[in-house]
Amino acid sequence: MRTNKLFYILLCSVLLTITACDFINDDFTKDPNNPTSVTPGALLTSIETSIAYTQGGEVSRYTSIFIQSLKGIGRQHEAYNRYIMPAETFNNIWSNYYSTALEDIQQLKILADGKGYKAYAGIAKALEAYTIGTMTDLWGGLPYSNAFKGTDNLQPTYDSQEEIYAKIQELLTAAKADLSGDLGDITPDADDFIYEGNTDRWLKFVNVLSARYYLHLSKKDASNAQKAIEAIGTAGFETTEDDAKYAFGNSETAANPAYQFLQQRAGDITYADTYLTDKLDAMNDPRLEVYVDMESGDLASFYGSINSPVFFLTYAEQNFILAEAYVIKSDLVKAKQYYDIGVKAAMKQVGVPESAAAAYPFDVTKPLETIMLQKYFALFLQPESFVDWRRTGYPAITPNSGTEIPRRFTYPQSELDYNSANVPKPNTLFDKVWWEQ
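Below is the structure:
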């Protein structure tokens, strides 16, 4: 199993390296209705690797700049820190999500559904929901219903964010059905870098992810808080062992993307002297030395090693979701219960004794602010923190430059060049996405 996993890491790392600087807009040229001969395992590995590499790399860096857990200090990143980010900044992210992750997901769904490989089909749909959820929260509307048609449609129209959110829940419902019955003759194992084919954990992932996206819409309709609670029910994560994370390899070609960037672009960014580190330092929080090497400004070993994980969804986040949902429902007893579990889980996740959570009692006079600050600490490097700040206004950060903090990514230059008629407007960093309006 270990040998197979290393092979898959090396294969996918080579593919990502080859395509890393390719700005050609081939996002919609592959034809998922005529997939090339490939195994479901190879597709799944490619999908998970692409998502983890993209999220742990540029997506994490840019959103961390916005929410001030990272500071750009050199070359392009110094400009990014002042929110000067031309459209081509986002080309790679868009291409990696569409050309690799989502295209491969379409192929895997066709292959798995056609052959009755229900475990693969369910995981593919769960990862599709995760990917389009991440993307719509970064950009807003997306090409979706009319995308993935190969050369039949090179300029797909955009679905609204409201439509994408409906599709997320539809995909998760389908994933749950696939993962709950006969899993088929072939099931994932070492080719699944997140759960190694454990479909019970994938079912938990589906439930918690559904809750995440219901909670995002609680500003639009407060009843979504109850839907988030019900989505988890008694079938969510039970411990930090259920955390969905992708661990990278021990070779330079299979390295964690944050590690790679720090090795290759020393002096471009620092994780020290930020809002997050100032807060942790003021609170004498033991996570500070786990997160950041304050002398060098680089990530400390837990997140900054060659094989450090990229987290997709965690037990800590689940409990903060429930805590916030109960605040919305004005049930502070339940909110405190899940907040306390969430803080302990956040400590345990990074190897800090759970007893450290005692320093952070639940403040009933400002429950939402209390929850969101601890969730901000817990979701270090994860783009979900950028969503949380936009939804709730916490933590109470101020702009690095000017009078506004970005609320989204702009659509990439590749879309402006090849699909401009369909790109939604306005298209600036400071426009709010639908669920924030």
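So the sequence shown is residues 10 to 446, counted in our numbering. Glycine included, each C-beta is placed from N, C-alpha and C at the ideal position.
Stretch pair the segment 154 to 172 + the segment 431 to 444: three plus CB contacts closer than 8 Å: yes
Own chain, CB closer than 6 Å to G206, minus 5 neighbours either side, in chain order: Position 197 of the sequence shown, counted from the first residue, corresponds to residue 206. Correct list, in chain order: T196, P197 and D198.
Cβ separation of L390 and S73, assumed to be a contact under 8 Å, to the nearest whole Å: Working through the sequence shown from its first residue, we reach residue 390 at position 381. Working through the sequence shown from its first residue, we reach residue 73 at position 64. About 6 Å separates the two Cβ atoms, so the contact holds.
Every unbroken alpha helix (DSSP H) within the segment 203 to 271, with a cutoff of 4 residues, ordered by chain: 208 to 225 and 233 to 241
Exposed unless 16 or more other CB atoms sit within 10 angstroms - verdict on N293: As a first step, residue 293 is located in the sequence shown; it is residue number 284 there, counting from the start. It counts as exposed.
In chain order, each alpha helix (DSSP H) run of at least 4 residues that lies wholly inside the segment 273 to 303: 284 to 291 and 296 to 300
Cβ pair count under 8 Å reaching 3, the segment 312 to 328 against the segment 257 to 268: yes
Which listed residue (H225, T58 and K158) has its alpha carbon closest to that of R399: In the sequence shown, the residue the question calls residue 399 occupies position 390. Ranking the options by Cα distance to R399, first place goes to H225.
Any 3 or more C-beta pairs closer than 8 Å across the segment 335 to 352 and the segment 228 to 247: yes
Close beta carbons around E67, own chain, < 7 Å, minus the five adjacent residues each side: If you number the sequence shown from 1, residue 67 lands on position 58. Counting only Cβ-Cβ distances below 7 Å, and skipping sequence neighbours, we find N101 and I102.
Reference V396, options Y280, W148 and S305, closest by Cα: On the sequence shown, residue 396 is found 387 positions in, with the first residue counted as 1. Taking only the C-alpha atoms, the option nearest V396 is W148.
Selection from R417, D426 and N431 that minimises the alpha carbon distance to T437: On the sequence shown, residue 437 is found 428 positions in, with the first residue counted as 1. Among R417, D426 and N431, the Cα nearest to that of T437 is on R417.
Uninterrupted beta strand (DSSP E) stretches inside the segment 308 to 338 (no shorter than 3 residues): 318 to 322
Bridge partner(s) assigned by DSSP for Y167: The residue labelled residue 167 in the question sits at position 158 within the sequence shown. The partner list for Y167 (beta bridge, DSSP) reads P152.
Integer Cβ distance of Y255 from E57, believed to fall under 8 Å: As a first step, residue 255 must be located in the sequence shown, where it is residue number 246. As a first step, residue 57 must be located in the sequence shown, where it is residue number 48. Right, their Cβ atoms sit about 6 Å apart.
V373 vs L341 beta-carbon contact at 7 Å: Residue 373 sits at position 364 when you count from the first residue of the sequence shown. Residue 341 sits at position 332 when you count from the first residue of the sequence shown. Yes, these two residues count as a Cβ contact at 7 Å.
Per-residue DSSP class, three states only, for N42: Start at 1 with the first residue of the sequence shown, and residue 42 comes out as number 33. Only weak support exists for where N42 lies, its pLDDT of 48 falling under 50; the coordinates are left without a value.
Reference S423, options T54, S55 and P95, closest by Cα: Counting from one through the sequence shown, the residue named residue 423 turns up at place 414. Looking at the Cα atoms, P95 is the closest of the given residues.
Best match in E378, K375 and A355 for proximity to A367 [C-alpha to C-alpha]: Residue numbering aside, residue 367 sits at position 358 when the sequence shown is read from its first letter. Here the closest residue by C-alpha is A355.
Boundaries (first-last residue) of the alpha helix (DSSP H) holding Y5: Nothing can be reported for residue 5, as the shown portion of the chain is limited to 10 through 446.
Residue closest to A133, alpha-carbon to alpha-carbon, out of I177, D426 and Q383: Numbered from 1 along the sequence shown, position 124 holds the residue referred to as residue 133. For the residues I177, D426 and Q383, the minimum Cα distance to A133 belongs to I177.
Residue burial classification, D113 (beta-carbon count within 10 angstroms, cutoff 16): For the purposes of this step, residue 113 is taken as residue 104 along the sequence shown, with counting starting at 1. Counting Cβ neighbours within 10 Å, D113 comes out buried, since at least 16 surround it.
Cutoff 6 Å; reference Y126; Cβ partners in own chain excluding five residues on either side: Stepping through the sequence shown from its first residue, residue 126 is reached at position 117. Around Y126: P49, G193 and I195.
Own chain partners of R11 with C-beta closer than 7 Å, once the 5 adjacent residues on each side are dropped: The sequence position of residue 11 within the sequence shown is 2, counting from 1. Confidence at R11 is low in this model, with a pLDDT of 38, below 50, so the placement of that residue is unreliable and no value is reported for it.
Euclidean distance between Cα positions of T379 and T54: Here residue 379 corresponds to residue number 370 of the sequence shown, with the count starting at 1. Here residue 54 corresponds to residue number 45 of the sequence shown, with the count starting at 1. T379 and T54: Cα-Cα distance of roughly 38 Å.
Inter-residue Cα distance where the pair is V361 and Y348: Mapped onto the sequence shown, residue 361 falls at position 352. Mapped onto the sequence shown, residue 348 falls at position 339. Cα to Cα, the separation comes out at about 17 Å.
Among T283, A430 and A121, nearest to D191 - alpha-carbon criterion: Along the sequence shown, read from residue 1 onward, the residue named residue 191 stands at position 182. Of T283, A430 and A121, the residue nearest in Cα terms is A121.
Residue burial classification, E304 (beta-carbon count within 10 angstroms, cutoff 16): In the sequence shown, residue 304 corresponds to position 295, counting from 1. Classification for E304: exposed.
Sequence-distant residues of its chain with Cβ nearer than 7 Å to A130 (five each side left out): Against the sequence shown, residue 130 aligns to sequence position 121. Hits under 7 Å: K118, A121, D122 and D187.
Same chain, Cβ closer than 6 Å to A387, five either side skipped, listed in chain order: Position 378 of the sequence shown, counted from the first residue, corresponds to residue 387. Excluding sequence neighbours, A387 sits near A325 and A355.
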